[in-house]
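J.:
Numbering (the working numbering), first residue to last: 61 to 209.
Below, the structure is given as structure tokens:
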């Protein structure tokens, strides 16, 4: 790849990624303020976003909307589940905003449910089960952003 215009290549890659993510076009150079929009209604998950819950039959996908470099403190992404229930222990705080469908959180013998336009808060240390009887799409917001550590 001799004589490749690195600046032009970076611009092309950024445009393709933004088209795939559904975001608004970024300026040629990243803005110093770091503000960026993502068009969530057009955003979908891909097969490479499949979440390994430990059960190959679970139908769960997660897609981060911002990298740790862009948002090192607060994580945000899209999660899609279809007819799945799986256990999860949170080592972080999480808020889930339901876009479509119904999200159930099973915890302590109770079910906390949310539909479109509703938010669920799950505190750090919670041992829950995420559950969807049909298909649900929701945004998750996690603190800290690097929740896998």
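Ideal Cβ positions, reconstructed from N, Cα and C, are used throughout, including at glycine. Computed from a prediction, not measured in an experiment: that's the story for all the values here.
Express the C-alpha separation of residue 195 and residue 118 in angstroms, rounding to a whole number.
T.: As a working note, residue 118 is residue 58 in the chain shown. As a working note, residue 195 is residue 135 in the chain shown. Those two C-alpha atoms are separated by around 12 Å.
J.: Is the Cβ-Cβ distance between residue 94 and residue 130 less than 9 Å?
T.: Translated into the one-based positions of the chain shown, residue 94 becomes position 34. Translated into the one-based positions of the chain shown, residue 130 becomes position 70. Yes, Cβ-Cβ distance for residue 94 and residue 130 is below 9 Å.
J.: Does the beta-carbon distance from residue 156 to residue 174 come in below 9 Å?
T.: Within the chain shown, residue 156 is the residue found at index 96, counting from 1. Within the chain shown, residue 174 is the residue found at index 114, counting from 1. Their beta carbons are under 9 Å apart, which means residue 156 touches residue 174 by this criterion.
J.: Return the CA-CA distance between residue 154 and residue 102, expressed in angstroms with no decimal places.
T.: For the purposes of this step, residue 154 is identified with residue 94 of the chain shown, where counting begins at 1. For the purposes of this step, residue 102 is identified with residue 42 of the chain shown, where counting begins at 1. Rounded to the nearest angstrom, the two C-alpha atoms are 23 Å apart.
J.: Smallest Cα separation from residue 146: which of 135, 116 and 134?
T.: As a position in the chain shown, residue 146 is number 86, starting the count at 1. Minimum Cα distance to residue 146 is reached at 116.
J.: Residues in the same chain with beta-carbon distance under 8 Å from residue 197, minus the five sequence neighbours each way, listed in chain order, please.
T.: Taking the first residue of the chain shown as position 1, residue 197 is located at position 137. Result list for residue 197: 138, 139, 140, 158, 159, 160 and 161, in chain order.
J.: With DSSP collapsed to three states, give me the class of residue 120.
T.: Taking the first residue of the chain shown as position 1, residue 120 is located at position 60. Looking at residue 120 - three-state DSSP - the assignment turns out to be strand.
J.: Check for me: the beta strand (DSSP E) holding residue 181 runs from which residue to which?
T.: In the chain shown, residue 181 corresponds to position 121, counting from 1. First-last of the beta strand (DSSP E) with residue 181: 179-182.
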